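Undergrad: Residue numbers (the UniProt record's numbering): 1 to 318.
Structure below; questions to follow.
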Amino acid sequence: MVGQTAAAATAKISVIVTSDYAAGEEKSWEDLRRALRAWAEQEGAPAEEFILVESSRFGGRIPGDVVGMVANLKVLHVDAESSYELKNRAVEAAAGDWVAIVDADCIPHRSWLRVLRAAIAGHPEAAAVSARTLYPGRSRLERILGLLSRSYLDPGRSGPSRFISGNAAAFRRDVYRRHPLPVGMGAFASRIQSEAFLREGATLWFDQALVVVHDFEGWAMEQDIRRNHGYSTVITRLHDDRLPYAGLIRMGVIVIPLIAAGKTLDSVRDCFRCFRHYNVRIYELPLALAMAVVTHVLEMPGMWRAFRRKPIQATQYR
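Below is the structure:
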């Protein structure tokens, strides 16, 4: 344990940045500029390595000003397309003891690296540390959807978790390499990875002070998120019968309403547990509860496609 603590205190960190949404579009480059600017302005010691990973299909298309925004930025082009493949390849190429994987449309607070180093040193037993994700909160709908989309992995305070944030988390590189992100199952299939960590006896840690602000593009983006979440809920359990509730999923399409109802109940509990952390007022809770029903109904078409073993369609996610 002493050796483990000492290793955690001196751990080298590689930061991996990639785009999982609307890749190659002008907006994705703007997201990347904002993210890299935030990484360049971090408090305290910088990460030992920054890796921007992108498909070789975009070779020569990354804007020239982007590359110089972070002093030790490495651009890694790989023969892959999905965000999970890109992240896996970047982890293999990284040199750090820990890899922090943060999507390009997530802006880290200035204290992010400092807080992460403290979490790693303070919890040497952890194999992954997840960040808290907020939406910008420019409107009531945005704050409510941020609560509904993100609070499931937020225990309300720093502590152990059963989940790993899919858009902003750090991993012990050796554990990640044993359990890479699953490919070929859509954009939100990371539960397979987190459950593999847990089966190995790993501790997953959530840090309330490790915050990123995730871009929000409106209702169309939320519909896309929900369709993909529904798809991943089913397809991952069809592939891995060790996941929670896999037995229920194997009953077939008839359980889609039951799945949606169960997820709605979970969201209702999360609303009451975490609404203050997402800047939702108590008088806005009735609307949040109504939106919990709506958002999980939006997942049902994705579930249906997964049961039919059909690929997800009309999505901006990689």
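Beta carbons: idealized from backbone N, C-alpha and C, even for Gly.
Predicted model only: the values in this text are computed from it and were never measured.
Does DSSP put Thr-18 in a helix, a strand or coil?
TA: Residue numbering aside, residue 18 sits at position 18 when the sequence shown is read from its first letter. For Thr-18, the secondary structure class from DSSP, reduced to helix, strand or coil, is strand.
Undergrad: I'd like to check one pair, Ser-158 with Ala-119: are the Cβ atoms closer than 9 Å?
TA: As a position in the sequence shown, residue 119 is number 119, starting the count at 1. As a position in the sequence shown, residue 158 is number 158, starting the count at 1. Cβ distance < 9 Å, so Ala-119 and Ser-158 count as in contact.
Undergrad: Report the CB separation of Ser-14 from Ala-94 in whole angstroms; it is logged as a contact under 8 Å.
TA: Translated into the one-based positions of the sequence shown, residue 14 becomes position 14. Translated into the one-based positions of the sequence shown, residue 94 becomes position 94. Confirmed, Cβ separation roughly 4 Å.
Undergrad: Restricting to runs no shorter than 4 residues, where is the alpha helix (DSSP H) found entirely within the stretch 180-252?
TA: 191-199, 219-239, 246-249
Undergrad: Can Ala-127 and Phe-197 be called in contact, C-beta distance under 9 Å?
TA: Start at 1 with the first residue of the sequence shown, and residue 127 comes out as number 127. Start at 1 with the first residue of the sequence shown, and residue 197 comes out as number 197. For Ala-127 and Phe-197, yes; Cβs fall inside 9 Å.
Undergrad: For Ala-38, which of Phe-58, Ile-259, Val-17, Lys-27 has the nearest alpha-carbon?
TA: Within the sequence shown, the letter at position 38 stands for residue 38. It is Val-17.
Undergrad: Determine which residues share a DSSP beta bridge with residue 323 and list them.
TA: Only positions 1 to 318 of the chain appear in the structure, and residue 323 is not among them; the question remains open.
Undergrad: For Glu-81, does the three-state DSSP call read helix, strand or coil?
TA: Within the sequence shown, the letter at position 81 stands for residue 81. It is coil, neither helix nor strand.
Undergrad: Any contact between the stretch 174-194 and the stretch 233-240? By contact I mean 3 or more CB pairs, one from each, below 8 Å.
TA: yes
Undergrad: To the nearest angstrom, report how far apart Phe-272 and Leu-265 are at their CA atoms.
TA: Against the sequence shown, residue 272 aligns to sequence position 272. Against the sequence shown, residue 265 aligns to sequence position 265. Their Cα atoms are separated by approximately 11 Å.
Undergrad: Considering only residues of the same chain and omitting the five flanking positions on each side of Val-253, which have a CB-CB separation below 7 Å?
TA: Looking up residue 253 in the sequence shown gives position 253. Excluding residues within five positions, the ones whose Cβ falls inside 7 Å are Trp-304, Phe-307.
Undergrad: Could you tell me the boundaries of the alpha helix (DSSP H) in which Val-115 lies?
TA: Translated into the one-based positions of the sequence shown, residue 115 becomes position 115. Under the DSSP assignment, Val-115 falls in the alpha helix (DSSP H) whose first and last residues are 112-122.
Undergrad: Anyone know if the C-beta pair for Val-211 and Thr-133 falls short of 9 Å?
TA: On the sequence shown, position 211 is the one that residue 211 refers to. On the sequence shown, position 133 is the one that residue 133 refers to. For Val-211 and Thr-133, yes; Cβs fall inside 9 Å.
Undergrad: For Gly-59 and His-214, what's the separation of their Cα atoms in angstroms?
TA: Looking up residue 59 in the sequence shown gives position 59. Looking up residue 214 in the sequence shown gives position 214. Their backbone Cα atoms lie some 26 Å apart in a straight line.
Undergrad: Output needed for Val-234: all residues of its chain with C-beta closer than 8 Å, excluding positions within five of it in sequence on either side, in chain order.
TA: Locating residue 234 in the sequence shown gives position 234, where the first residue counts as 1. Ile-249, Ile-259, Gly-302, Met-303, Ala-306, Phe-307, listed in sequence order.
Undergrad: Among all the DSSP beta bridges, which residues are the ones paired with Ile-107?
TA: For the purposes of this step, residue 107 is taken as residue 107 along the sequence shown, with counting starting at 1. DSSP lists Val-213 as partners of Ile-107.
Undergrad: With a 10 Å radius around its C-beta and 16 neighbouring C-beta atoms as the bar for buried, classify Val-280 as buried or exposed.
TA: Start at 1 with the first residue of the sequence shown, and residue 280 comes out as number 280. Answer is buried; the Cβ neighbour count reaches 16.
Undergrad: Classify Gly-218 as buried or exposed, calling it buried when 16 or more other Cβ atoms lie within 10 Å of its own Cβ.
TA: Here the question's residue 218 lines up with position 218 in the sequence shown. Its Cβ having fewer than 16 others within 10 Å, Gly-218 is exposed.
Undergrad: Check whether chain C comes within 9 Å of Ala-94, counting only Cβ atoms and requiring the distance to be less than that.
TA: In the structure shown, chain C does not exist; there is a single protein chain.
Undergrad: Could you compute how far the alpha carbon of Tyr-231 sits from the alpha carbon of Pro-311?
TA: What you label residue 231 is simply residue 231 of the sequence shown in a count that begins at 1. What you label residue 311 is simply residue 311 of the sequence shown in a count that begins at 1. Whole-angstrom Cα-Cα distance: 9 Å.
Undergrad: Using CA coordinates, which residue listed in Trp-112, Cys-274, Arg-172, Glu-54 is at the minimum distance from Asp-154?
TA: The sequence position of residue 154 within the sequence shown is 154, counting from 1. For the set Trp-112, Cys-274, Arg-172, Glu-54, the Cα lying nearest the Cα of Asp-154 is the one of Cys-274.
Undergrad: Closest by CA to Arg-172, which one among Ala-104, Val-91, Leu-76?
TA: Stepping through the sequence shown from its first residue, residue 172 is reached at position 172. Comparing Cα positions, the closest option is Val-91.
Undergrad: From Leu-36 to Arg-89, what distance separates their C-alpha atoms?
TA: For the purposes of this step, residue 36 is taken as residue 36 along the sequence shown, with counting starting at 1. For the purposes of this step, residue 89 is taken as residue 89 along the sequence shown, with counting starting at 1. In a straight line, the C-alpha of Leu-36 is about 20 Å away from that of Arg-89.
Undergrad: Mind checking Gln-42: buried by the 16 CB within 10 Å criterion, or exposed?
TA: Along the sequence shown, read from residue 1 onward, the residue named residue 42 stands at position 42. When all chains shown are included, Gln-42 counts as buried.
Undergrad: Decide if Asn-167 is buried, meaning its Cβ has at least 16 other Cβ atoms within 10 Å, or exposed.
TA: Locating residue 167 in the sequence shown gives position 167, counting from the first residue. With 16 or more Cβ atoms within 10 Å of its Cβ, Asn-167 is classed as buried.
Undergrad: Go through its chain and collect everything with a Cβ distance to Arg-34's Cβ below 8 Å, but skip five positions before and after it.
TA: On the sequence shown, position 34 is the one that residue 34 refers to. Contacts found: Ile-107.
Undergrad: Please name the residue in Ser-130, Glu-299, Ile-62, Ala-292 whose C-alpha comes closest to that of Trp-98.
TA: Numbered from its first residue, the sequence shown carries residue 98 at position 98. When each option's Cα is compared against that of Trp-98, the closest is Ser-130.
Undergrad: With DSSP as the reference, identify every bridge partner of Lys-74, one or two as the case may be.
TA: In the sequence shown, residue 74 corresponds to position 74, counting from 1. Ile-51, per the DSSP bridge assignment.
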